[in-house]
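Data first, discussion second: the structure below is written as structure tokens.
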Amino acid sequence: MNDTLTTDLENDVIFGVYAPGSRIIEDRVMERHGAKRNAVRNAFAELEARGLLVRRPNRGVEVVDFTPDEVDALYDVRIILETAAAERTELPCNDEITAKLEDIAHRHATAVKEQDFRAVFWLNQEFHEVQYSCCGNPRLAELIGKHARAAQPIRVVKYEDAAHMEQVVSQHFDIIAALRGKSQDALVAAVRAHLPASAEAYRTLYNRRFGAGARTA
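Set out below in structure tokens:
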């Protein structure tokens, strides 16, 4: 039950049931999900560890609400980690891995076309978990996963932008092509190209909410 509750709450945060900065009340979660208090607290703790929730003194648990500068810092770290993984990935990548990535990428493309955004999200997650499993460094892959999870609420701001999502789909296939090739530089370039758009979109959205001057924590 607790794993299911954690996933359900994670989806609620990612897809805006609980807005950034909003407080999440234990009793309401218990009622909404038919869960016991201990299970809710365990789920909160797990989502805190994933960087999706924060615990404020005298205020309880809130959804993380990044400033644009915090998003830029997070994406700087992601670029460092993910390009490091690309540099360490042995090329050409195993045929079984690239075939699996291609299958996920096609299902992701179908979900984008059908605007099944939850499937889009989880298939994207699966794609990159498989991708970085090839880097030869499990600790590095774990760090990439941790920072990718922290960026989850940021990424979904572009899901309804058809041009952006078309680009994301194309970039997945660019990554697969690079993994099948022998050029480390091509793989690093494909990975680097895949990251910035969500951060830029988040800054635009944040500026609409708070004004362009509200940039720092």
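Everything in the sequence shown is counted per the UniProt record's numbering, starting at 1 for the first residue and increasing by one. Using N, Cα and C, we set each Cβ at its ideal position, and we do this for glycine too. Owing to the predicted nature of the structure, the values given are computational and were not obtained by experimental measurement.
For Glu82, the enclosing alpha helix (DSSP H) has its first and last residue at 68-88. One alpha carbon belongs to Arg155, the other to Gln184, and they sit about 26 Å apart. In the DSSP annotation of this structure, Leu140 is not part of any beta strand (DSSP E); the continuous alpha helix (DSSP H) holding it starts and ends at 138-150. In chain order, Glu62, Val63 place their CB closer than 8 Å to the CB of Ser22, counting only its own chain and leaving out the 5 sequence neighbours on each side. By the neighbour-count definition (other C-beta atoms within 10 Å, threshold 16), Thr89 is a buried residue. With a beta-carbon spacing of about 6 Å, Arg149 and Gly51 fall inside the 8 Å limit used to define contacts. Under the three-state reduction of DSSP output, Glu160 falls in the coil class, being neither helix nor strand. Membership of Glu26 in any beta strand (DSSP E) is not indicated; the residue belongs instead to the alpha helix (DSSP H) covering 26-33. Per DSSP, reduced to three states, the secondary structure at Glu129 is helical. DSSP, reduced to helix, strand and coil, places Leu195 outside both helices and strands of the structure shown, so it counts as coil. Its Cα nearest to that of Val169, the residue His194 stands out among His194, Ala178, Gly145.
Between Leu187 and Leu81 a beta carbon distance of about 14 Å is seen, past the 8 Å cut, so the two are scored as non-contacting.
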